[in-house]
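**Student:** Numbering-wise (my numbering), the sequence shown opens with residue 3 and increments by one. Backbone N, C-alpha and C define an ideal beta-carbon position, used for all residues, glycine too. Below you'll find the structure I mean.
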Amino acid sequence: EVERVVPVLGRSSHVFVGTKRAEAKGKLGKTRTVFAQTITHTFVDITKAEWMAWPETLLLSTVEELERARLNPHVGTKPNSHVFLLFNLLVDLESAYVVDKLEVFMNMFVGKHGNRLQRSKVDEITMKIGIGSESKGRKHSLRLTASSKGGMYLKTSALFELADPLTGAPVKWTDAKSGEAASLEDPNEGRMEMKRQLARAADSTYAPEFLGMMKVELIKMWSAYKEAGGKRPVPVDLFKDVELVLGPDGELVEVQRAPGQNNVGMLAWRCTMATPEYPEGRDVVLIANDVTFQAGSFGVAEDIVFQKASEYARERGLPRVHISCNSGARVGLAEELKAYIKAKWTDIDEPSRGFDFLYLEEEDYKRFGTGVVVGKKVTLAGRTVYEIESIIGEGLKSTAGGIGVENLQGSGLIAGETSRAYSEVFTLSYVTGRSVGIGAYLNRLGQRVIQMVN
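Here it is, written out as structure tokens:
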């Protein structure tokens with residue numbers, strides 16, 4: 003369902019707000035996206051040195067349309083955003099040359115205006131231009147996209163687009179570099195979009211997107227180095243990452259997998275960054291709370307991943323960076339039991355006077371068993387009930403990984419590990435949102451803290 007947002011500033015600009023029809027309404031409501039598009043019939047000679055100024059001006063004007071649309075109460079600040087720039091003309095140059103030039107521009111634009119794009123919640127930027135000439139006709143269209151749909155921050159990709167000769171509608175896409183068949187659909191798009199929305203609701207960023215941001219910053223650093231007259235060649239791989247995941251034996255293993263595959267609320271990577279100062283590349287261990295998983299709270303599994311990743315950094319003498327956004331140690335409830343608990347009121351007509359005890363009916367007590375709850379048999383109004391003495395929650399889904407004491411023990415484990423890491427390697431905490439309890443204490447123990455200012 004798409005609705006036009008008016009008025010707009012540019013005569014060639016359009017802004018729409020869309021809501022997915024088939025999507026079920028979640029805690030944050032249905033996913034809404036603001037689409038801003040600009041169409042131009044003018045391009046510049048991309049073989050000249052200053053060619054980037056024109057597409058940069060057009061994209062910034064489109065972002066301004068987004069910012070203005072968000073002032074409309076019907077749109078607001080919550081929806082994600084997509085930016086689309088169409089060059090409605092043909093460029094008579096080699097396709098590979100145009101791809102390389104626009105890819106360099108896109109990375110530079112994201113690096114230069116990243117803060118502004120983050121504030122506008124831009125998840126995708128697309129530029130589209132025709133390849134061909136007036137005399138020979140259109141060979142194909144180039145669709146260059148910087149997208150966060152797959153979980154990586156505004157990752158660039160280039161596709162050649164073929165249109166139906168009768169309708170003009172695009173019908174086929176191929177990867178501009180490999181030539182393999184491609185699609186605009188991403189099976190993980192909906193799940194990643196929801197995770198980004200949850201992270202933004204906590205005034206933070208979805209953890210895997212920091213990897214893409216680091217790569218963009220490296221591109222920016224090398225560009226500045228070259229402009230200043232630097233002679234070192236730019237490495238092929240500016241940034242590499244490998245995820246550190248707990249294996250079946252409880253030890254970390256290095257894996258390559260798509261973002262969002264984790265089943266615990268703690269993520270870790272070994273990142274290799276090639277900088278102008280050290281083009282061979284240096285390693286750093288990145289540990290991050292996944293605020294989209296149980297509010298980023300620390301449970302037993304999260305504590306183990308954190309401890310193992312920190313130990314991994316210490317043993318190899320690598321800097322350890324903690325991206326912190328969490329809600330402290332996980333203190334939960336036996337959710338399956340809550341619906342069956344009843345109260346023996348002191349005065350049933352005046353509940354404000356309190357209760358004498360909590361109890362379960364006999365059939366409910368026997369259903370859960372003593373591993374879940376321990377009670378004392380009593381008689382109430384002529385029937386047998388069980389007065390609750392303690393709730394253990396053993397074997398329940400809601401208590402898997404600990405809900406109290408176990409998590410506090412884990413907090414002690416990772417606090418000690420952080421103190422040791424500070425004395426042996428470089429430690430740094432980047433607090434991107436809230437950091438509560440053990441999360442705040444870890445930042446203090448690591449000593450060096452960058453606090454995001456919203």
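Contact between the region 137 to 149 and the region 161 to 175 is defined here as three or more beta-carbon pairs at a separation below 8 Å; is this criterion met?
**Tutor:** yes
**Student:** Taking Cβ to Cβ, would you say valine 376 is nearer than 8 Å to valine 387?
**Tutor:** Position 374 of the sequence shown, counted from the first residue, corresponds to residue 376. Position 385 of the sequence shown, counted from the first residue, corresponds to residue 387. Contact flag unset, no.
**Student:** Apply the 10 Å Cβ neighbour rule to asparagine 264 and answer buried if 16 or more other Cβ atoms are within range, or exposed otherwise.
**Tutor:** Taking the sequence shown and counting its residues from 1, the one referred to as residue 264 is at position 262. With 16 or more Cβ atoms within 10 Å of its Cβ, asparagine 264 is classed as buried.
**Student:** Check the C-beta distance from valine 93 over to glycine 139 and give it rounded, since I have them as a contact under 8 Å.
**Tutor:** Position 91 of the sequence shown, counted from the first residue, corresponds to residue 93. Position 137 of the sequence shown, counted from the first residue, corresponds to residue 139. That pair is no contact at about 13 Å.
**Student:** Within the region 33 to 82, note down every full beta strand (DSSP E) run reaching 3 residues or more, in order along the chain.
**Tutor:** 34 to 42
**Student:** Between Val7, His16, Ser392, Trp56, which has its C-alpha nearest proline 75's C-alpha?
**Tutor:** Walking along the sequence shown from the start, residue 75 turns up at place 73. Between proline 75 and the set Val7, His16, Ser392, Trp56, the nearest pair of CA atoms involves Val7.
**Student:** Where does glycine 232 land, buried or exposed, given buried means 16+ other C-beta within 10 angstroms?
**Tutor:** In the sequence shown, the residue the question calls residue 232 occupies position 230. Glycine 232 comes out exposed.
**Student:** With a floor of 3 residues, list each beta strand (DSSP E) that falls wholly inside the region 213 to 266, ordered by position along the chain.
**Tutor:** Whole beta strand (DSSP E) segments, 3+ residues: 241 to 248, 254 to 257.
**Student:** When burial is assigned at 16 or more other CB atoms within 10 Å of the CB, is aspartate 358 buried or exposed?
**Tutor:** Walking along the sequence shown from the start, residue 358 turns up at place 356. Its Cβ having fewer than 16 others within 10 Å, aspartate 358 is exposed.
**Student:** Once you ignore the five residues that flank tyrosine 227 on each side, which residues in its own chain have a CB closer than 8 Å to its CB?
**Tutor:** One-based indexing of the sequence shown puts residue 227 at position 225. Correct list, in chain order: Arg234, Pro278.
**Student:** What first and last residue would you give for the beta strand (DSSP E) that runs through threonine 160?
**Tutor:** Reading the sequence shown from its first residue, position 158 is the one you call residue 160. For the sequence presented, residue 160 should be read as alanine rather than threonine. Element bounds for alanine 160: 157 to 165.
**Student:** Drop a sphere of 10 angstroms on the beta-carbon of tyrosine 280, count the other beta-carbons inside from all chains shown, and report buried for 16 or more, exposed for fewer.
**Tutor:** In the sequence shown, the residue the question calls residue 280 occupies position 278. Per the 10 Å Cβ criterion, exposed.
**Student:** Per DSSP, histidine 16 is paired with what?
**Tutor:** Stepping through the sequence shown from its first residue, residue 16 is reached at position 14. DSSP output for histidine 16 lists Gln39 as bridge partner(s).
**Student:** Using alpha carbons as the reference points, say which of Leu220, Glu229, Tyr361 lies closest to alanine 51.
**Tutor:** Along the sequence shown, read from residue 1 onward, the residue named residue 51 stands at position 49. Cα-wise, what sits closest to alanine 51 is Glu229.
**Student:** Relative to the C-alpha of alanine 270, which candidate in Pro321, Leu362, Thr33, Val238 has its C-alpha closest?
**Tutor:** As a working note, residue 270 is residue 268 in the sequence shown. The option with the nearest alpha carbon to alanine 270 is Pro321.
**Student:** Could you tell me which of Val244, Gly153, Asp251 sits nearest to isoleucine 207, measuring between CA atoms?
**Tutor:** Here residue 207 refers to the residue found at position 205 of the sequence shown. Here residue 207 is threonine; the residue named in the question, isoleucine, does not match the sequence. Threonine 207 has its Cα closest to that of Gly153, out of Val244, Gly153, Asp251.
**Student:** Evaluate histidine 43 with the Cβ neighbour count: other Cβ atoms within 10 Å of its Cβ, from every protein chain shown; 16 or more gives buried, anything less gives exposed.
**Tutor:** Within the sequence shown, residue 43 is the residue found at index 41, counting from 1. With fewer than 16 Cβ atoms within 10 Å of its Cβ, histidine 43 is classed as exposed.
**Student:** Taking the DSSP output, what are the residues bridged to glutamate 5?
**Tutor:** On the sequence shown, residue 5 is found 3 positions in, with the first residue counted as 1. Beta bridge pairing from DSSP links glutamate 5 with Val19.
**Student:** Which residues in the same chain have their Cβ closer than 6 Å to the Cβ of serine 421, if we skip the five residues on either side of it in sequence?
**Tutor:** Start at 1 with the first residue of the sequence shown, and residue 421 comes out as number 419. Sequence-distant partners of serine 421 (beyond 5 residues in either direction) whose C-beta falls short of 6 Å from its own C-beta, in its chain, are Leu447.
**Student:** State the Cα-Cα distance for the pair glutamine 453 and arginine 118, rounded to the nearest angstrom.
**Tutor:** Taking the first residue of the sequence shown as 1, we reach residue 453 at position 451. Taking the first residue of the sequence shown as 1, we reach residue 118 at position 116. Rounded to the nearest angstrom, the two C-alpha atoms are 19 Å apart.
**Student:** Start and end of the beta strand (DSSP E) containing asparagine 291?
**Tutor:** Taking the sequence shown and counting its residues from 1, the one referred to as residue 291 is at position 289. Where asparagine 291 is concerned, the enclosing beta strand (DSSP E) stretches over 284 to 291.
**Student:** Would you check if there are 3 or more beta carbon pairs closer than 8 Å linking the region 208 to 224 to the region 107 to 121?
**Tutor:** yes
**Student:** Rounded to whole angstroms, what's the CA-CA distance from alanine 204 to histidine 324? Just pull it up for me.
**Tutor:** Within the sequence shown, the letter at position 202 stands for residue 204. Within the sequence shown, the letter at position 322 stands for residue 324. In a straight line, the C-alpha of alanine 204 is about 17 Å away from that of histidine 324.
**Student:** Could you please give the first and the last residue of the uninterrupted beta strand (DSSP E) stretch that includes glycine 418?
**Tutor:** Along the sequence shown, read from residue 1 onward, the residue named residue 418 stands at position 416. Run containing glycine 418: none in the beta strand (DSSP E); it sits in the alpha helix (DSSP H), 407 to 426.
**Student:** With distances taken between CB atoms, is the gap from valine 266 to alanine 303 smaller than 8 Å?
**Tutor:** Start at 1 with the first residue of the sequence shown, and residue 266 comes out as number 264. Start at 1 with the first residue of the sequence shown, and residue 303 comes out as number 301. Yes, Cβ-Cβ distance for valine 266 and alanine 303 is below 8 Å.
**Student:** Measure the beta-carbon distance from phenylalanine 37 to valine 17 and round it to whole angstroms, keeping in mind my assumption that it falls under 8 Å.
**Tutor:** Numbered from 1 along the sequence shown, position 35 holds the residue referred to as residue 37. Numbered from 1 along the sequence shown, position 15 holds the residue referred to as residue 17. Contact flag correct, Cβ pair sits at about 7 Å.
**Student:** Based on the DSSP output, what are the partners of tyrosine 342 in its beta bridges?
**Tutor:** Residue numbering aside, residue 342 sits at position 340 when the sequence shown is read from its first letter. Here tyrosine 342 is not bridged, per DSSP, to any residue.
**Student:** Give the straight-line distance between the Cα atoms of histidine 482 and alanine 55, rounded to the nearest whole angstrom.
**Tutor:** Since the first residue of the chain shown is 3 and the last is 456, residue 482 is not available in this structure.
**Student:** Which residues mark the beginning and the end of the beta strand (DSSP E) in which leucine 444 is found?
**Tutor:** Reading the sequence shown from its first residue, position 442 is the one you call residue 444. For leucine 444, there is no enclosing beta strand (DSSP E); the enclosing alpha helix (DSSP H) covers residues 440 to 448.
**Student:** Identify whether glycine 132 lies in helix, strand or coil by the three-state DSSP scheme.
**Tutor:** Stepping through the sequence shown from its first residue, residue 132 is reached at position 130. Correct three-state label for glycine 132: strand.
**Student:** Alpha carbon to alpha carbon, how far is serine 14 from glutamate 69? Give it in angstroms, no decimals.
**Tutor:** Your numbering for residue 69 matches position 67 in the sequence shown. Your numbering for residue 14 matches position 12 in the sequence shown. The alpha-carbon of glutamate 69 is positioned some 17 Å away from that of serine 14.
**Student:** Drop a sphere of 10 angstroms on the beta-carbon of alanine 345, count the other beta-carbons inside from all chains shown, and report buried for 16 or more, exposed for fewer.
**Tutor:** By 1-based counting over the sequence shown, the position of residue 345 is 343. It is exposed - the Cβ of alanine 345 has fewer than 16 other Cβ atoms within 10 Å.
**Student:** Pick helix, strand or coil for arginine 436, following the three-state DSSP scheme.
**Tutor:** The count along the sequence shown starts at 1 and reaches residue 436 at position 434. If DSSP states are grouped into helix, strand and coil, arginine 436 belongs with coil.
**Student:** What is the DSSP secondary structure of proline 353, reduced to helix, strand or coil?
**Tutor:** For the purposes of this step, residue 353 is taken as the residue at position 351 of the sequence shown. Looking at proline 353 - three-state DSSP - the assignment turns out to be helix.
**Student:** Going by DSSP, what residue range makes up the alpha helix (DSSP H) through lysine 310?
**Tutor:** By 1-based counting over the sequence shown, the position of residue 310 is 308. Unbroken alpha helix (DSSP H) run through lysine 310: 302 to 318.
**Student:** Out of Val85, Phe86, Ala71, which has the shortest C-alpha to C-alpha gap to threonine 79?
**Tutor:** By one-based count along the sequence shown, residue 79 stands at place 77. When each option's Cα is compared against that of threonine 79, the closest is Ala71.
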